[in-house]
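A.B. asks: Have a look at this one.
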Amino acid sequence: MRLADDEKAMRDGAEGPAVAAAMNLLVRYGEALGAEHLCDTRNVAGTMTQPSPVKERLVREGGWPKAFSVINLDSDAEFEIPHMRVPTCQLQHGFSDDALGVAPYPASMVDLQADAESFYGAHGVNILATCTPYQVGNLPVRGEHCAWMESSAVVYANSVLGARTNCEGTASTGAASLTGKIPCWGNHLAENRHGTHLIEAEVPVEGFLDWGMFGYFVGDLVQENRPVVTGSLAQPDLTDLKHFGAATASSGGVELFHLPGITPEASTVEQAFGGPPPHRLVYGARERRETYELLNSQGSSSDVDFVLLGCPHASIDQVARAARALEGRTLTAELWIMTPRALRTVADRNGYTEIIHRAGGRVLTDSCPAMSKSAPEGTRVFATDSAKQAHYLPAILGIEAWFGTLEECVDAAVTGTWRGELR
Amino acid sequence: MTAKNVVEIRGRGIVPGRVEGEALVSHETISGWGGIDPAAGTIIERRHELFGVCFTGKVLVFPGAKGSSGWSGFFQATRLLGTAPLAMVFTTLSTKSALGAVVTRVPTVTDLDEDPLILVRTGDLVTVDADRGIVTVRPVSP
Numbered sequence: 002m003r004l005a006d007d008e009k010a011m012r013d014g015a016e017g018p019a020v021a022a023a024m025n026l027l028v029r030y031g032e033a034l035g036a037e038h039l040c041d042t043r044n045v046a047g048t049m050t051q052p053s054p055v056k057e058r059l060v061r062e063g064g065w066p067k068a069f070s071v072i073n074l075d076s077d078a079e080f081e082i083p084h085m086r087v088p089t090c091q092l093q094h095g096f097s098d099d100a101l102g103v104a105p106y107p108a109s110m111v112d113l114q115a116d117a118e119s120f121y122g123a124h125g126v127n128i129l130a131t132c133t134p135y136q137v138g139n140l141p142v143r144g145e146h147c148a149w150m151e152s153s154a155v156v157y158a159n160s161v162l163g164a165r166t167n168c169e170g171t172a173s174t175g176a177a178s179l180t181g182k183i184p185c186w187g188n189h190l191a192e193n194r195h196g197t198h199l200i201e202a203e204v205p206v207e208g209f210l211d212w213g214m215f216g217y218f219v220g221d222l223v224q225e226n227r228p229v230v231t232g233s234l235a236q237p238d239l240t241d242l243k244h245f246g247a248a249t250a251s252s253g254g255v256e257l258f259h260l261p262g263i264t265p266e267a268s269t270v271e272q273a274f275g276g277p278p279p280h281r282l283v284y285g286a287r288e289r290r291e292t293y294e295l296l297n298s299q300g301s302s303s304d305v306d307f308v309l310l311g312c313p314h315a316s317i318d319q320v321a322r323a324a325r326a327l328e329g330r331t332l333t334a335e336l337w338i339m340t341p342r343a344l345r346t347v348a349d350r351n352g353y354t355e356i357i358h359r360a361g362g363r364v365l366t367d368s369c370p371a372m373s374k375s376a377p378e379g380t381r382v383f384a385t386d387s388a389k390q391a392h393y394l395p396a397i398l399g400i401e402a403w404f405g406t407l408e409e410c411v412d413a414a415v416t417g418t419w420r421g422e423l424r
Numbered sequence: 002m003t004a005k006n007v008v009e010i011r012g013r014g015i016v017p018g019r020v021e022g023e024a025l026v027s028h029e030t031i032s033g034w035g036g037i038d039p040a041a042g043t044i045i046e047r048r049h050e051l052f053g054v055c056f057t058g059k060v061l062v063f064p065g066a067k068g069s070s071g072w073s074g075f076f077q078a079t080r081l082l083g084t085a086p087l088a089m090v091f092t093t094l095s096t097k098s099a100l101g102a103v104v105t106r107v108p109t110v111t112d113l114d115e116d117p118l119i120l121v122r123t124g125d126l127v128t129v130d131a132d133r134g135i136v137t138v139r140p141v142s143p
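Each protein sequence line maps, in turn, to chains A and B.
Sequence positions in the first sequence follow the numbering used here and run 2 to 424.
Sequence positions in the second sequence follow the numbering used here and run 2 to 143.
Here it is as structure tokens:
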């Protein structure tokens, strides 16, 4: 891999040992990929504050500088950590103090994370604490080279925003934050951004549920490839595409899709493929029904004791809709809605949080049951409006899952019974 | 074991080193987050063909990485907790598997000229020479 002069200087220690270790990791990683060079980035989304048993031990041994050196720079030595060289944000992490007494989650982990926030905040890491940084202050522009983790955020940034990022990891984002560099490989290169598969919806795709199911179907079909989707698609909004992308990255490993006429890199199907489109694959009534049944194949008991909304983290519009659906109701099952802390502030101002609390639900931030491996005590069966959470949570917590609309989920929380069906 | 059964697969070493050990072959891709337990060095995905199997000290032969961007962090944790595989041989290179191999710091070969998922079986004695990009397979039984 060719290094530019500033990169060689960083590697050789001109910017101090932590930056040299960061460049060492980027060289090892870039050469493993077969990248020809690095590219500049001023937009990093990674993870530093999330507690883990290894991190807890490292902090005990050498404080946060040791934890960052070992985990985020993949180094054996321990360095003083300089201020982040380029804008860097923390993605979703563990539960915070707003979950104390609500989620069964160790208070010691909440404290450890709060301590991490102080350290990293002082070093220039913006604690957005969400899987949807693009909702709350980190909105990349088209063509911007980014170094992001979190599969649902990566697919949104590439596809909906036209930014360029691979699905990075903890060490590569840590190294990028101190160098402003990332291997120029994969999604950073224009020739790797054309579509590979054409999927046409022959049934209407409209509303949150249907965009999620369509995404789950598409991801399963194309796996790691780049789908171009057309057909009877209603105009989507942010929440629809957030759900669609997260679903494609759960059933498959999609990092980039095109929706001709909607997403920025493809005005037409031909432009999406950079040439003639391949053979068309169909999403019809049968495929829609099969996808619904697949997402609902992990539930046998209809006695729901937990409802989870807001995966990926809810938009303020989703919180508002949940509040309207819950107004004046009394819940028998637990209900959590996850949202970024910044939007929780808006929900508080608007009175949505109070409406949801009055019904017996909770508005929580920073994390989710999958990230924190925590659901209400005794949960056996949960219901959700998120294809991603329905995909992951049964495996992570060993519980049953139902997938449906927001209204069906609220009905289940009120009655304690799942009565959802495909309409 | 006879010399004629020995198979050599050529590829590209992406993490240097040379080791010899017993193969553990997964025909399915492997998840990091939600897929392995770094403390035990085991596969924990319920529907996975290697559910419950320990990869510590084995030459892990697999198609590639799937799932969350936490993949590399989970495999880095196996190194820090002493449960890492001995080496990695995989067919599909992605940012997850490349970074994962780099931070696990075990000899790793990819971009292979023949399919190791067909040629290697669990229990075979395998030499991973990532310095030269050569995987040598000695079947345990004819």
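Cβ atoms here follow ideal geometry from the backbone N, Cα and C, with glycine treated the same way.
Fair warning: this is a prediction, and the values are worked out from it, not measured in the lab.
1) Taking the straight line between their C-alpha atoms, what separation do you get for Glu57 of chain A and Leu113 of chain A?
2) Kindly say whether Ala99 of chain B, judged by its beta-carbon, lies nearer than 8 Å to any beta-carbon of chain A.
3) Examine chain B for any beta-carbon lying closer than 8 Å to the beta-carbon of Asn167 of chain A, and answer yes or no.
4) Skipping 5 residues on each side, what residues in its chain have a beta carbon closer than 8 Å to that of Ala172 of chain A?
5) To test your reading of the DSSP string, which unbroken alpha helix (DSSP H) runs of 4 or more residues are found completely within the segment 25-79 of chain A?
6) So, under 8 Å CB-CB, Gly138 of chain A and Met85 of chain A are touching, yes? Tell me the CB distance rounded to an integer number of Å.
7) Report yes or no: is there a C-beta of chain A within less than 8 Å of the C-beta of Thr153 of chain B?
8) Is any heavy atom in the ligand ZN found nearer than 7 Å to the beta carbon of Val45 of chain A?
9) Give the C-beta separation of Leu309 of chain A and Gln390 of chain A to the nearest angstrom, bearing in mind that I take them to be a contact with Cβ-Cβ under 8 Å.
10) Is there contact between the segment 236-247 of chain A and the segment 309-325 of chain A, where contact requires at least three CB pairs shorter than 8 Å?
11) Contact criterion: CB-CB distance below 8 Å. Does Val103 of chain B meet it with respect to chain A?
12) How far does the beta strand (DSSP E) with Met339 of chain A in it reach, from first residue to last?
13) Determine the closest residue to Val156 of chain A out of A:Pro134, A:Met11, A:Gly175 and A:Ala177, with distance taken between C-alpha atoms.
14) When burial is assigned at 16 or more other CB atoms within 10 Å of the CB, is Phe1 of chain B buried or exposed?
15) Quick check on Val110 of chain B - is its C-beta less than 8 Å from some C-beta in chain A?
16) Taking the alpha-carbon positions, what's the Arg122 of chain B to Gly74 of chain B distance?
17) From the DSSP output, in three-state form, read off Asp144 of chain B for me.
18) Indicate whether at least one CB of chain B lies closer than 8 Å to the CB of Thr171 of chain A.
19) Comparing alpha-carbon positions, which option in B:Ala88, B:Asp112, B:Pro86 and B:Arg106 lies nearest Ser95 of chain B?
20) Applying a beta-carbon distance threshold of less than 7 Å, which residues of chain B neighbour Val55 of chain A?
21) Please name the residue in A:Ile183, A:Met372, A:Ile400 and A:Met150 whose C-alpha comes closest to that of Glu378 of chain A.
22) By the 10 Å Cβ neighbour count, where 16 or more other Cβ atoms means buried, how is Leu296 of chain A classified, buried or exposed?
23) Thinking Met214 of chain A and Gly47 of chain A are a contact (beta carbons under 8 Å), I'd like their distance in whole angstroms, please.
24) Using CA atoms only, rank isn't needed, just tell me which of B:Gly14, B:Leu82, B:Ile15 and B:Arg19 is closest to Val127 of chain B.
C.D. replies: Put simply:
1) One C-alpha to the other measures close to 8 Å.
2) Ala99 of chain B counts as touching chain A.
3) It does: the Cβ of Asn167 of chain A has a partner Cβ on chain B nearer than 8 Å.
4) Here the set comprises Leu26, Tyr30, Ile72, Asn73, Leu74 and Asp75.
5) Whole alpha helix (DSSP H) segments, 4+ residues: 54-68.
6) About 15 Å separates the beta carbons of Gly138 of chain A and Met85 of chain A, which is beyond the 8 Å limit, so they are not a contact pair.
7) This structure does not reach residue 153 of chain B, given that chain B is present from 2 up to 143, and the question cannot be answered.
8) This structure lacks the ligand ZN; in fact it carries no ligand of any kind.
9) Correct: roughly 6 Å between the Cβ atoms.
10) Below 8 Å, enough C-beta pairs join the segment 236-247 of chain A and the segment 309-325 of chain A to call them touching: three or more.
11) So, interface residue.
12) For Met339 of chain A, the enclosing beta strand (DSSP E) has its first and last residue at Glu335 to Met339.
13) Answer by Cα proximity: A:Pro134.
14) Chain B is shown only over 2 to 143; residue 1 of chain B falls outside these bounds and no answer can be derived.
15) No, no contact with chain A.
16) Their backbone Cα atoms lie some 28 Å apart in a straight line.
17) Summary: the structure shown does not reach residue 144 of chain B, with chain B confined to residues 2 through 143, and so no result is reported for it.
18) By this cut-off, Thr171 of chain A is an interface position.
19) Among B:Ala88, B:Asp112, B:Pro86 and B:Arg106, the Cα nearest to that of Ser95 of chain B is on B:Asp112.
20) Neighbours of Val55 of chain A on chain B, chain order: Ala78, Leu81 and Leu82.
21) Of the candidates A:Ile183, A:Met372, A:Ile400 and A:Met150, the residue whose Cα lies closest to the Cα of Glu378 of chain A is A:Ile400.
22) Buried, by the Cβ-count rule.
23) About 31 Å separates the CB atoms of Met214 of chain A and Gly47 of chain A; that is not less than 8 Å, and the two are not in contact.
24) The shortest C-alpha separation from Val127 of chain B is found at B:Arg19.
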